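Mapping to the numbering used here: the sequence shown position 25 is 1325, numbers consecutive. For reference, the structure is listed below as structure tokens.
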Amino acid sequence: MLENILQVMAGESFCKDKAAKIVGGVKKLENLIASGAIAADKPTKTQNGKWYCNAADVLRHCRNMRK
């Protein structure tokens, strides 16, 4: 079931803020993007352009929310 969810989300994307909240912080997200674990795209070359992170990759690296 989990693999099915990840396949469906492979075509979707999260913005950088939403992805950072899911993985546990901006620094962790930037490290995952730099290592190639999360595919990210910035279509515009402007400084304030929006980042698009692959939703399936972000969900694979989500932080543990269990208490």
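Every residue, glycine too, gets a C-beta built ideally from N, C-alpha and C. Remember, it's a predicted structure, so these values are computed and weren't measured experimentally.
Listed as beta-bridge partners of Ala-1310 by DSSP are no residues whatsoever. As a beta-bridge residue in DSSP terms, Ala-1340 pairs with Cys-1353. If you look at Lys-1316, you'll find it in the alpha helix (DSSP H) that goes 1316 to 1323. Nearest Cα to Ala-1355 within the set Met-1301, Leu-1302, Gly-1311: Gly-1311.
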